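2 protein chains.
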Amino acid sequence: MINIDWKPDKNSNMPLYRQIVDYIKEKISGWEWIVGAKLPSQRKLADIFEVNRSTLIEAIDELKSYGLIDGRSKGGTVIVNNTWSVLASGKAPNWEKYIKSGVYEPNLSTIQMINKLEYEDNIIRLSTGELSPELFPKNAMKTVLSKVADDISSLGYERTKGSLELRKIISNYVKKFGINASPSSILIVSGSLQALQLISMSILKPGDDVLVEKPSYIKSINVFESAGMKLKGISMDMHGIEIREILKNINKETPILYTIPTFQNPTGIVMSENRRNELIKICTKERLPIIEDDAYRELWFDKKPPQTLKSKDRNGIVLYIGTMSKCLSAGMRVGWVIGPEAVIDRLGDVKMQTDYGASSLSQYAAAEWISSGLYEKYIEKLRYELKSRRDFTINLLHEYFYDLAEWNVPKGGFYIWLKLKVKIDVNKLFNLSWKQGILINPGYIYDFHKNSNIRISYSYASYSEMHIGIKKLSEIVRKLI
Amino acid sequence: MINIDWKPDKNSNMPLYRQIVDYIKEKISGWEWIVGAKLPSQRKLADIFEVNRSTLIEAIDELKSYGLIDGRSKGGTVIVNNTWSVLASGKAPNWEKYIKSGVYEPNLSTIQMINKLEYEDNIIRLSTGELSPELFPKNAMKTVLSKVADDISSLGYERTKGSLELRKIISNYVKKFGINASPSSILIVSGSLQALQLISMSILKPGDDVLVEKPSYIKSINVFESAGMKLKGISMDMHGIEIREILKNINKETPILYTIPTFQNPTGIVMSENRRNELIKICTKERLPIIEDDAYRELWFDKKPPQTLKSKDRNGIVLYIGTMSKCLSAGMRVGWVIGPEAVIDRLGDVKMQTDYGASSLSQYAAAEWISSGLYEKYIEKLRYELKSRRDFTINLLHEYFYDLAEWNVPKGGFYIWLKLKVKIDVNKLFNLSWKQGILINPGYIYDFHKNSNIRISYSYASYSEMHIGIKKLSEIVRKLI
Numbered sequence: 001m002i003n004i005d006w007k008p009d010k011n012s013n014m015p016l017y018r019q020i021v022d023y024i025k026e027k028i029s030g031w032e033w034i035v036g037a038k039l040p041s042q043r044k045l046a047d048i049f050e051v052n053r054s055t056l057i058e059a060i061d062e063l064k065s066y067g068l069i070d071g072r073s074k075g076g077t078v079i080v081n082n083t084w085s086v087l088a089s090g091k092a093p094n095w096e097k098y099i100k101s102g103v104y105e106p107n108l109s110t111i112q113m114i115n116k117l118e119y120e121d122n123i124i125r126l127s128t129g130e131l132s133p134e135l136f137p138k139n140a141m142k143t144v145l146s147k148v149a150d151d152i153s154s155l156g157y158e159r160t161k162g163s164l165e166l167r168k169i170i171s172n173y174v175k176k177f178g179i180n181a182s183p184s185s186i187l188i189v190s191g192s193l194q195a196l197q198l199i200s201m202s203i204l205k206p207g208d209d210v211l212v213e214k215p216s217y218i219k220s221i222n223v224f225e226s227a228g229m230k231l232k233g234i235s236m237d238m239h240g241i242e243i244r245e246i247l248k249n250i251n252k253e254t255p256i257l258y259t260i261p262t263f264q265n266p267t268g269i270v271m272s273e274n275r276r277n278e279l280i281k282i283c284t285k286e287r288l289p290i291i292e293d294d295a296y297r298e299l300w301f302d303k304k305p306p307q308t309l310k311s312k313d314r315n316g317i318v319l320y321i322g323t324m325s326k327c328l329s330a331g332m333r334v335g336w337v338i339g340p341e342a343v344i345d346r347l348g349d350v351k352m353q354t355d356y357g358a359s360s361l362s363q364y365a366a367a368e369w370i371s372s373g374l375y376e377k378y379i380e381k382l383r384y385e386l387k388s389r390r391d392f393t394i395n396l397l398h399e400y401f402y403d404l405a406e407w408n409v410p411k412g413g414f415y416i417w418l419k420l421k422v423k424i425d426v427n428k429l430f431n432l433s434w435k436q437g438i439l440i441n442p443g444y445i446y447d448f449h450k451n452s453n454i455r456i457s458y459s460y461a462s463y464s465e466m467h468i469g470i471k472k473l474s475e476i477v478r479k480l481i
Numbered sequence: 001m002i003n004i005d006w007k008p009d010k011n012s013n014m015p016l017y018r019q020i021v022d023y024i025k026e027k028i029s030g031w032e033w034i035v036g037a038k039l040p041s042q043r044k045l046a047d048i049f050e051v052n053r054s055t056l057i058e059a060i061d062e063l064k065s066y067g068l069i070d071g072r073s074k075g076g077t078v079i080v081n082n083t084w085s086v087l088a089s090g091k092a093p094n095w096e097k098y099i100k101s102g103v104y105e106p107n108l109s110t111i112q113m114i115n116k117l118e119y120e121d122n123i124i125r126l127s128t129g130e131l132s133p134e135l136f137p138k139n140a141m142k143t144v145l146s147k148v149a150d151d152i153s154s155l156g157y158e159r160t161k162g163s164l165e166l167r168k169i170i171s172n173y174v175k176k177f178g179i180n181a182s183p184s185s186i187l188i189v190s191g192s193l194q195a196l197q198l199i200s201m202s203i204l205k206p207g208d209d210v211l212v213e214k215p216s217y218i219k220s221i222n223v224f225e226s227a228g229m230k231l232k233g234i235s236m237d238m239h240g241i242e243i244r245e246i247l248k249n250i251n252k253e254t255p256i257l258y259t260i261p262t263f264q265n266p267t268g269i270v271m272s273e274n275r276r277n278e279l280i281k282i283c284t285k286e287r288l289p290i291i292e293d294d295a296y297r298e299l300w301f302d303k304k305p306p307q308t309l310k311s312k313d314r315n316g317i318v319l320y321i322g323t324m325s326k327c328l329s330a331g332m333r334v335g336w337v338i339g340p341e342a343v344i345d346r347l348g349d350v351k352m353q354t355d356y357g358a359s360s361l362s363q364y365a366a367a368e369w370i371s372s373g374l375y376e377k378y379i380e381k382l383r384y385e386l387k388s389r390r391d392f393t394i395n396l397l398h399e400y401f402y403d404l405a406e407w408n409v410p411k412g413g414f415y416i417w418l419k420l421k422v423k424i425d426v427n428k429l430f431n432l433s434w435k436q437g438i439l440i441n442p443g444y445i446y447d448f449h450k451n452s453n454i455r456i457s458y459s460y461a462s463y464s465e466m467h468i469g470i471k472k473l474s475e476i477v478r479k480l481i
């Protein structure tokens, strides 16, 4: 896809069409835009450049006359040549073929779109699973970074499993979640997504079916699929993943089960204490390892959620994943995996071959955040803030969606799982919404079949944006009915 | 492999053997050490715990009596059970099987060993391809981090291709290497290794043969092999990779060529201007893309190396990789890939699915380092330091290795490629050396066949360590003849 973030300068002496020709020529001759790439439609181009259609056509015609682009083919205007390659005898590699041949799946097109739209100006992000910049603890971060700046005497590669200092601190920190793990059973990763990627490449094999809740966050990314596995959805009730359904779906080859037991993404469901015990019991009996993704645990509002699956694990079947991304800052890219040492060693060895470990700077900062006590103090405040955001958003839903949808009232985490009661095309809703400046995550990216859900995050947008966003969204829904 | 970094407390009232029993019991019952794992030999264990052999045997016997370990099998002492699983009805998953089933190759055993040995106390690292902590610009880093602390107002996920600010800065920075690239043709990665990993998973396909210099750094890691490709070694002369040999070894299916044209790792060779022109010409003609790994470019001593391959590329065939790891700090984990936008988009999309981008904190710091001008100023000083380290090391070689080896005098970078003139087993030399506290990188990890080389890095150890290290190493070589 060609991205254009440039406009001609209307105050320049050079005619607009000339500026456009020069811009496109530069892109093509510098091989940033490759032969075979398609330009946006002429209408779109005129929009992007903020020029009249006739100005645009003048520019396009000139470029055609150079033999650089060709507009006759059915697919629209395509780059067919470049001045350099006309001069040189060679041709560029067939990059399009390369791009298609890699084993890694591309992101779902909806996700690619969301990743891009998030950076548009004036878009209200009801979609984003991260904390609002408003909630960022600027002063505490400053304190931490000043301390780090004083302490750092060098910043080299870390040990295979990550900074020993940080692993000691985490070993101590996770005790409050009932987890006993020595630093050598802990691997520092660049966020929990990387933990999943390492697991998929290091200890699972192509062809395996991974059991996951349905719907689940994991369905929206291709981390297991790209390593050749398939996801098998297991239904949930209000107490979490259904044991009976697990038993129906496992066989001898089933390698692993992935779950977010606490404030599940996207449904917000908290697995009950009983269900946790049952799950551990049955998985122990079936020798089925569990990946416990515990990203949201600390973001409870009124009372603490039940203890971790890992704390109930007496047989080393749970690989536990924690992260700082949801509580503090996604940009830190610091998470951790805890499990049997032999597995952690293997994941660490592959991590060393993948990126030589997480940023030492981030690891220093993470260690300082936790060991100084600032992390826990800050999270305590954050809980109130998030709870108040949840309440505010639920009130908005009562006001604007009372007749349109049903929803859960999450007891923690970031998400409301909104189920539309009216029959509309959620994909259409997604597209109409972003065009009007509101970004939502359509439910189908998380599910195994079509659904009529939307994931609303109350963690990111400001209160006023939230108000405008939910109101507008309800109007769009009403129009679509 | 079981790691033990604990010793019994000799001042405790509890007998030493009891402390050992409790320690091992805890490791086993907590499932950090899994069933099937092998303990180090009794002699080694006694060394590790710093106890008499008899004390150790007392502890081992007690653990045997619990049925936790078994020493009868040929493979030494093995963990055969754990108290919890005896109590519980289930058994742990067969993790050993999992560990073997992942697609990613384990690191070469020599590399795994080096990664571990680097953190032993009192080891002289003649092996390490990173800057000495002595060279770390502590004050400048402090200035940078203070500025970052003041500036950061939030720290969320970055754009798909990384911080736009940093990409703009890099777009400007690489102009001095003759590279014209807009921010949208640049992807920020967590170091150059990750760039290679992304390339291997995103645009290459299993079965392909990747052409590389022989010897080459890339042979010591499994990044391409794990994605199902093979490396094909192409010989070099003093001007760099040999064009004739490339032509002999390519066919229609050859997807890409990987080269470190400037201060090659491990040989230190600089590709000449002529060779660069020829390489670009021939690869353009053959439509063979090039990965240009340019990690060491700025570390020249007397005069600048020839301009980048990328600067000579008129057809978008070069994927250029830069990094801060070698010049500033490996712990930053900040690098960049520059190439045709469609390829960069694809790599960025896969990166989003791999780890959601590099640490924002590191990206902020990198941007500040470069834009403040501190980076260039610091590198200027660094060049003198490194040159003086090179001179010092070459003098040591003249003193201690004059009759034992031949070597190049590198004009930049970190490495001396020492070719032993005497016939000894380099693997034996490696093992004897680290046991005497000197870590070297044996040449065979970089090569396609046995060789009699050692890579000596003058970037890491202190002057006095270097002196002791080279002297001792020569003594070990002499003993081995």
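Protein chains in written order, with UniProt numbering: chain A, 1 to 481; chain B, 1 to 481. Where a beta carbon is used, it is the ideal one built from N, C-alpha and C, also for glycine. Since we're looking at a predicted model, the values are computed, not measured.
Original post:
Does threonine 110 (chain A) get closer than 8 Å to chain B when you measure Cβ to Cβ?
Top reply: no
Original post:
Hey, serine 226 (chain B) and valine 144 (chain B): beta-carbon distance below 8 Å or not?
Top reply: no
**OP:** Give a yes or no on whether 8 Å exceeds the smallest Cβ distance from tyrosine 98 (chain B) to chain A.
**Re:** yes
**OP:** Using a Cβ-Cβ cut-off of less than 9 Å, give me the residues of the stretch 352–363 of chain A that come near chain B, in sequence order.
**Re:** Met352, Gln353, Thr354, Asp355, Tyr356, Gly357, Ala358, Ser359, Ser360, Leu361, Ser362 and Gln363
**OP:** Go to leucine 166 (chain B), then tell me how far its alpha helix (DSSP H) extends in each direction, as first and last residue.
**Re:** 164–173
Original post:
According to DSSP, is methionine 324 (chain A) helix, strand or coil?
Top reply: coil
Subject >> Any chain A beta carbon closer than 8 Å to alanine 92 (chain B) >> reply: yes
Original post:
Should serine 372 (chain B) be flagged as near chain A, meaning a C-beta pair shorter than 8 Å?
Top reply: no
**OP:** Find the residues of chain B that neighbour valine 337 (chain A), judging by a C-beta separation of less than 8 Å, and give them in chain order.
**Re:** By Cβ distance, chain B contributes nothing, its closest Cβ being about 13 Å from valine 337 (chain A), past 8 Å.
**OP:** Specify the secondary structure class of methionine 466 (chain A) as computed by DSSP and reduced to three states.
**Re:** helix
Subject >> Residues near lysine 64 (chain A) by beta carbon distance below 6 Å, same chain, minus five either side >> reply: none
**OP:** Note down, in chain order, every chain A residue with its Cβ under 9 Å from the Cβ of alanine 461 (chain B).
**Re:** Neighbours of alanine 461 (chain B) on chain A: none; closest Cβ ~13 Å, over 9 Å.
Subject >> isoleucine 99 (chain B) classed as buried or exposed, judged by whether at least 16 other C-beta atoms fall within 10 angstroms >> reply: buried
**OP:** Quick one: residues in its chain with C-beta nearer than 8 Å to the C-beta of tyrosine 173 (chain A), no 5 flanking neighbours on either side, listed in chain order?
**Re:** Ile370
Subject >> Contacts of glutamine 197 (chain A) in chain B (Cβ-Cβ under 9 Å) >> reply: Gln353, Thr354 and Asp355
Subject >> Limits of the alpha helix (DSSP H) - the one that residue 483 (chain A) falls within >> reply: Since the first and last residues shown for chain A are 1 and 481, residue 483 (chain A) lies out of range.
Original post:
CB-CB under 7 Å to lysine 312 (chain B), same chain, minus the five flanking residues each way: which ones, in chain order?
Top reply: Arg276, Asn277 and Ile280
**OP:** Rounded to whole angstroms, what's the CA-CA distance from glutamate 105 (chain B) to leucine 386 (chain A)? Just pull it up for me.
**Re:** 43 Å
Subject >> Between the CA atoms of valine 409 (chain B) and serine 272 (chain B) - distance to the nearest angstrom >> reply: 16 Å
Original post:
When the cut-off is 8 Å and only beta carbons count, does proline 289 (chain B) lie next to chain A?
Top reply: yes
Subject >> Neighbour list for valine 343 (chain B) in chain A, Cβ cutoff strictly below 9 Å >> reply: Ile34, Trp95, Tyr98 and Ile99
Subject >> Nearest neighbour of asparagine 126 (chain B), chosen from B:Pro261, B:Ser464 and B:Ile379 [CA to CA] >> reply: The sequence as given places leucine at residue 126 (chain B); asparagine does not occur at that position. Ranking B:Pro261, B:Ser464 and B:Ile379 by Cα distance to leucine 126 (chain B) puts B:Ser464 first.
Subject >> Any 3 or more C-beta pairs closer than 8 Å across the stretch 253–269 of chain B and the stretch 211–219 of chain B >> reply: yes
Subject >> Supposed close pair valine 35 (chain A), glutamine 353 (chain B) - CB separation, criterion 8 Å >> reply: Between glutamine 353 (chain B) and valine 35 (chain A) the Cβ distance is about 27 Å, and since that is not below 8 Å, they are no contact.
Original post:
Going along the stretch 199–218 of chain A in order, which residues come within less than 9 Å of chain B, judged by CB to CB distance?
Top reply: Ile199, Ser200, Met201, Ser202, Ile203, Leu204, Lys205, Pro206 and Asp208
Original post:
Which chain A residues are close to glutamate 158 (chain B), counting only those with a beta carbon under 8 Å from its beta carbon?
Top reply: Gly331
Original post:
What distance in whole Å lies between the Cβ atoms of isoleucine 317 (chain B) and proline 93 (chain A), which are believed to be in contact at a cut-off of 8 Å?
Top reply: 6 Å
Subject >> Neighbour-count burial assignment, asparagine 395 (chain A), 16 or more Cβ in a 10 Å radius >> reply: exposed
**OP:** Check each residue of the stretch 130–146 of chain B: if its Cβ is closer than 9 Å to any Cβ of chain A, include it; give the result in chain order.
**Re:** Glu130, Leu131, Ser132, Pro133, Glu134, Leu135, Phe136, Lys138, Met141, Lys142, Thr143, Val144, Leu145 and Ser146
Original post:
Apart from the five residues just before and just after lysine 219 (chain B), which ones in its own chain have a Cβ nearer than 8 Å to its Cβ?
Top reply: Val212, Leu231, Gly233, Ile445, Tyr446, Asp447 and Phe448
**OP:** From the DSSP output, in three-state form, read off residue 497 (chain B) for me.
**Re:** Since the first residue shown for chain B is 1 and the last is 481, residue 497 (chain B) is missing from the structure and cannot be characterised.
Original post:
Considering only residues of the same chain and omitting the five flanking positions on each side of tryptophan 33 (chain B), which have a CB-CB separation below 7 Å?
Top reply: Ile2, Lys27 and Ile79
**OP:** Could you tell me if asparagine 52 (chain A) is buried or exposed, where buried requires 16 or more neighbouring beta carbons within 10 angstroms of its beta carbon?
**Re:** exposed
**OP:** Take glutamine 42 (chain A) as the anchor and find which of A:Ser29, A:Ala59 and A:Trp31 has the nearest alpha-carbon.
**Re:** A:Ala59
Original post:
Name the DSSP beta bridge partners of tryptophan 407 (chain B), please?
Top reply: B:Leu418
**OP:** State yes or no: is the beta carbon of aspartate 9 (chain B) nearer than 8 Å to at least one beta carbon in chain A?
**Re:** no
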